[in-house]
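Structure record follows, encoded as structure tokens.
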Amino acid sequence: MYAFRVVSEPGFSTMPASMPSTSAMTLERVRHVRDSMPEGGMFEGKEWRISPEAFPLEEAQVRIIEALGTAALAFQRACNRLYFESAEGGSHAWVARLLDQGKPERMVALGRKSWREEVPRVIRPDLILTETGLSITELDNLPGGIGLTGWLGETYATLGENIVGGASGMVEGFANAFPGYDILVSRESQGYQPEMEWLNARMRAKGLPTGRVFNPWTVHASQLAGLDIYRFFELWDLDNVEHSAEILAMAERGEIRISPPLKPFLEEKLWLGLFWSPALQEWWEKNLSPEHLTLLKQCIPYGWVLDPVKLPLHAEWPRLGIHSWEEMKKFGNKERELVIKISGWSEKSWGSRGVNIGHDLSTEGWAAAIDEALAAFPTNPHLMQRFHRGRVIAHPVWDEAKQEAVMMQGRVRLCPYYFVQGDEAKLSGVLATIVPADKKILHGMSDAMLVPCGVS
């Protein structure tokens, strides 16, 4: 199960007297969070550190995050439109070819079926809180943490915290976006099943329309007919999903409905690089509103598709001042403030796997990461982005040995969850992952705090 980790570590300062860390109230808050954990936990084999407080966001920050939901939905719809336009030929035909690289023909064809206009109904960007604002490192259409964020929101709300999205925002948001849907969890995603079972139980307790949580190996394919299914499995993992061939065929015939839609091209990080492609700037300007375009440019780090194509002698890669990727291998440590990540369609494409941070590598390691990414291009294209460092914040964490809260210096990843209804992407909750300040990859780890965000 996903459990709390309570430790005592040097280097953490005791909270100032204005925040009495040894008070009975602080201890009571910590106990309340612990005792509220469902018996089955939230995830399997995971742990995190506990804080007595939600992570505070200013009202202005919340407004920006709310606006990002609408912008992200507009961006996803534009990506969907661009893919289909390019698949039909024309000056941007290269876009569909790029996004289809390495994928089975069956999946490419399936992505172009009757659900042409459908886009995912849950959007979760990964946002790094920087000195200047927010930096989007990923747009996840099949995120974990929905149940966890819902439970955290409810738990901290009972402590008097003003939770972003409201105490029941995640539960109600999922129910409104997927009314009556069954949740199908694969073996690869089974670690997330406890949180989805909690979510399902909370929807049922509130009288909201809900189905069941189940696994493909527990049913016959024929039993799926007529269902609306929220798929909790990655499309690249279909070979390991029981009845996957039958499930796809039934979806194609309209016998079941599946969300997120079966569109592998929408599950690529490459879109964050294509957003900055000089060849597509005019297209984005025509298909995104000025407000959405401006906000996305503020939040999406500049990026490049690591394409091994040889440039003409008079050309160079934009904003890098180099003619070939070989020259990039000679970059100094400061110039290597770049991150290379696999785009998708791979078991390495989620979490921190498949991520290389340039200035965290030796010169040899950096060169090897470039070579690996370029060699993988035909089957697994890679994205490179500017690395935006998270700003250091201080947030209280519970120290079991001292029996008090201490201030931990850390960096924050914010994961807002938006549920789509019509043209609205409603912000329903924000999960904050606070990692020690010396960590460069801001991801879930045993030394991290996981807390909901509140409005300060």
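In UniProt numbering, the protein residues as written are 1 to 456.
We put the CB at the ideal spot given by N, CA and C, even for glycine.
Rounded C-alpha distance that separates residue i from residue j
i: residue 176; j: residue 421; result: 8 Å
i: residue 252; j: residue 128; result: 38 Å
i: residue 106; j: residue 263; result: 11 Å
i: residue 454; j: residue 182; result: 30 Å
i: residue 203; j: residue 44; result: 22 Å
i: residue 226; j: residue 199; result: 23 Å
i: residue 260; j: residue 325; result: 36 Å
i: residue 61; j: residue 408; result: 22 Å
i: residue 48; j: residue 39; result: 16 Å
i: residue 425; j: residue 341; result: 27 Å
i: residue 468; j: residue 59; result: In the structure as shown, the chain begins at 1 and stops at 456. Residue 468 is therefore absent and cannot be evaluated.
i: residue 136; j: residue 381; result: 19 Å
i: residue 359; j: residue 179; result: 46 Å
i: residue 366; j: residue 372; result: 10 Å
i: residue 315; j: residue 370; result: 20 Å
i: residue 327; j: residue 317; result: 11 Å
i: residue 194; j: residue 201; result: 11 Å
i: residue 256; j: residue 228; result: 6 Å
i: residue 89; j: residue 268; result: 20 Å
i: residue 56; j: residue 393; result: 11 Å
i: residue 423; j: residue 432; result: 26 Å
i: residue 347; j: residue 383; result: 16 Å
i: residue 457; j: residue 123; result: Residue 457 falls outside the range modelled here, since the chain spans only 1 to 456, and no answer is possible.
i: residue 157; j: residue 139; result: 27 Å
i: residue 277; j: residue 307; result: 12 Å
i: residue 439; j: residue 188; result: 27 Å
i: residue 282; j: residue 294; result: 14 Å
i: residue 516; j: residue 374; result: With the chain represented from 1 up to 456, any question about residue 516 goes unanswered, as that position is not in the structure.
i: residue 356; j: residue 25; result: 43 Å
i: residue 28; j: residue 145; result: 25 Å
i: residue 63; j: residue 121; result: 21 Å
CA nearest to the CA of residue i, picked from the options
i: residue 141; options: 53, 161, 154, 231; result: 231
i: residue 338; options: 178, 319, 275; result: 319
i: residue 168; options: 109, 274, 147; result: 147
i: residue 159; options: 31, 241, 143; result: 31
i: residue 450; options: 62, 149, 394; result: 149
i: residue 343; options: 303, 361, 332; result: 303
i: residue 333; options: 378, 152, 361, 74; result: 361
i: residue 236; options: 266, 257, 122, 74; result: 266
i: residue 335; options: 345, 321, 346, 229; result: 321
i: residue 385; options: 363, 394, 305, 432; result: 305
i: residue 418; options: 37, 51, 154, 172; result: 172
i: residue 213; options: 205, 206, 190; result: 190
i: residue 46; options: 26, 108, 36, 192; result: 192
i: residue 37; options: 211, 329, 152; result: 152
i: residue 411; options: 35, 161, 196, 437; result: 437
First through last residue of the alpha helix (DSSP H) which encompasses residue i
i: residue 215; result: Careful: residue 215 lies outside any alpha helix (DSSP H) and carries neither H nor E.
i: residue 94; result: 93-100
i: residue 69; result: 59-87
i: residue 389; result: Looking at the DSSP string, residue 389 is not in any alpha helix (DSSP H), and its letter there is neither H nor E.
i: residue 31; result: 24-36
i: residue 156; result: 146-157
i: residue 232; result: No alpha helix (DSSP H) contains residue 232, which is instead part of the beta strand (DSSP E) from 228-232.
i: residue 313; result: Here residue 313 belongs to no alpha helix (DSSP H), and DSSP marks it neither H nor E.
i: residue 244; result: 244-252
i: residue 171; result: 169-177
Supposed contact pair residue j and residue i - C-beta distance, whole angstroms, cut 8 Å
i: residue 233; j: residue 184; result: 7 Å
i: residue 448; j: residue 435; result: 5 Å
i: residue 101; j: residue 301; result: 23 Å between Cβ atoms; not a contact.
i: residue 413; j: residue 126; result: 6 Å
i: residue 415; j: residue 271; result: Actually they do not touch by this definition, with Cβ atoms about 18 Å apart.
i: residue 165; j: residue 428; result: 4 Å
i: residue 395; j: residue 130; result: With 8 Å as the limit, residue 395 and residue 130 do not qualify as a contact, their Cβ atoms being about 16 Å apart.
i: residue 221; j: residue 247; result: 7 Å
i: residue 93; j: residue 112; result: Not quite, the Cβ-Cβ distance comes to about 14 Å (not below 8 Å), so this is no contact.
i: residue 452; j: residue 163; result: 5 Å
i: residue 133; j: residue 298; result: 6 Å
i: residue 84; j: residue 116; result: 6 Å
i: residue 224; j: residue 250; result: 6 Å
i: residue 197; j: residue 54; result: About 24 Å; that fails the 8 Å criterion.
Span of the beta strand (DSSP E), counted from its first residue to its last, around residue i
i: residue 356; result: 355-357
i: residue 426; result: 424-436
i: residue 304; result: 303-305
i: residue 136; result: 134-140
i: residue 42; result: Note, residue 42: premise wrong, no beta strand (DSSP E); not H, not E.
i: residue 404; result: 404-421
i: residue 454; result: 449-455
i: residue 124; result: 122-129
i: residue 182; result: 182-185
Residue-level contact to chain D via CB, residue i, 8 Å cutoff
i: residue 171; result: Although the question refers to chain D, the structure presented lacks it and comprises just one protein chain.
Sufficient close CB pairs (3 or more, under 8 Å) joining the segment 281-300 to the segment 397-405
With a cut-off of 8 Å on Cβ pairs, the segment 281-300 is not in contact with the segment 397-405, counting fewer than three such pairs.
Pair every Cβ in the segment 238-253 with every Cβ in the segment 184-196, then say whether three or more of these pairs are closer than 8 Å.
Yes, since at least three Cβ pairs between the segment 238-253 and the segment 184-196 fall closer than 8 Å, the two stretches touch.
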